[in-house]
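Peer 1:
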Amino acid sequence: MDYFGALQRTCTSGLWLLPRPRAFGEERVLFRAGGKNYTASMVGELLSDTGLEDQREVLEREIGQLDTWLGLEKGGLGVRTLCVISSGVKTLSSLVLDSPVEDLAANPRGASYTIEAEDDGDGIVNLSSLRQCAPFADEVVELGGLGHRTILSSK
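Under this note's numbering, residues 25 to 179 are what the sequence shown spells out, in order.
(1) Would you please state the rounded distance, in angstroms, between the beta carbons of Thr105 and Ala161? I believe it to be under 8 angstroms.
(2) To the nearest angstrom, how far is the alpha carbon of Thr74 from that of Glu51?
(3) With a threshold of 8 angstroms, are at least 3 pairs of Cβ atoms found where one atom belongs to the stretch 107-123 and the other to the stretch 136-145?
(4) How many Å lie between Glu166 and Gln79 at the Cα?
(5) Within 7 angstroms: the Cβ of Val82 and any heavy atom of the ligand FAD?
(6) Run through DSSP, which three-state label would Met25 get?
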């Protein structure tokens with residue numbers, strides 16, 4: 025079993041960070057590999073192409089519920105919800121793999137890629153995605169210049 029596949033099979037929380045079409049749009053190319061372009065609506069296909077079919081199933085079965093949350097209004101989840109947003113940190117928004125996508129599955133540590141574009145965000149999640157929770161949150165806290173991992177430890 026390859027490193028990337030083993031990691032994703034045991035640490036599925038990374039799936040929650042994958043782009044959703046509502047935040048990124050249906051047509052915006054986020055990832056290019058071996059002459060193929062992937063959009064947010066093609067994330068499942070990207071997982072399959074990298075040999076992570078199990079993760080595709082988890083994405084569609086579990087993470088897909090996020091799309092239903094995005095249509096909710098304030099208080100719609102039935103529990104008090106806090107939306108924390110940070111901006112002012114360069115965040116990857118598009119990259120190009122310099123080899124076929126199958127190479128990413130076989131040797132993720134050795135994969136060579138080029139950052140094609142960066143957006144505003146918290147260094148991990150872009151600002152558009154971070155703002156998706158605002159409509160249904162009871163409270164929205166906006167912070168500036170804090171990285172994704174720093175947000176919870178800030179005061």
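Beta carbons: idealized from backbone N, C-alpha and C, even for Gly.
Peer 2: So, from the listed chains and residues:
(1) Locating residue 105 in the sequence shown gives position 81, where the first residue counts as 1. Locating residue 161 in the sequence shown gives position 137, where the first residue counts as 1. About 5 angstroms separates the beta carbons of Thr105 and Ala161, which is inside the 8 angstroms limit, making them a contact pair.
(2) On the sequence shown, residue 74 is found 50 positions in, with the first residue counted as 1. On the sequence shown, residue 51 is found 27 positions in, with the first residue counted as 1. Roughly 21 angstroms separates the two Cα atoms.
(3) yes
(4) As a first step, residue 166 is located in the sequence shown; it is residue number 142 there, counting from the start. As a first step, residue 79 is located in the sequence shown; it is residue number 55 there, counting from the start. Cα to Cα, Glu166 sits roughly 32 angstroms from Gln79.
(5) With respect to the ligand FAD, the structure offers nothing, as it holds no ligand at all.
(6) Looking up residue 25 in the sequence shown gives position 1. With a pLDDT of 36 at Met25, under the threshold of 50, the modelled position of that residue is not reliable, and the figure given next carries that caveat. Reduced to three states, the DSSP call for Met25 is coil.
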